[in-house]
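In my numbering, the protein residues as written are 5 to 137.
Take a look at the structure:
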């Protein structure tokens, strides 16, 4: 089952995002049982930092409530194995801290990630599923 990257979550939460429709469709499919995918638990930390930097931390509570309402939503935990994988991939592919953690988790699921970020295309063994082709 693929991992949903933070950019897809942001697209879902932000109605003004250029990928809002596609992101919303992903979460509708999950809720309807048409798609089996997981969200990286690391995304919770990444989103909190983004909201804090924009000084809209209060909004995060409301957005978390939106996720609580989505049926069939699963969260992929950060494990020791995925952390070690992230460290190795971060060095090898010069990934950002959070991107490497997402890839580390994805590698320990089924090596698929739902994201618009094309940098994932350069990672050997990882399949990126774009929101829009």
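No residue lacks a Cβ here, since even glycine has one placed at the ideal position from N, Cα and C.
Item: Status (buried if at least 16 other CB within 10 Å, exposed otherwise) for residue 117; Value: buried
Item: Rounded separation between residue 54 and residue 63 - CA only; Value: 11 angstroms
Item: Local Cβ density within 10 Å of residue 81, reported as buried at 16 or more and exposed below that; Value: exposed
Item: Counterpart residues of residue 116 in DSSP-defined beta bridges; Value: 131
Item: Whole-number beta carbon distance between residue 11 and residue 119, since they are thought to touch under 8 angstroms; Value: 5 angstroms
Item: Euclidean distance between Cα positions of residue 77 and residue 94; Value: 28 angstroms
Item: Simplified DSSP state of residue 38, which is helix, strand or coil; Value: coil
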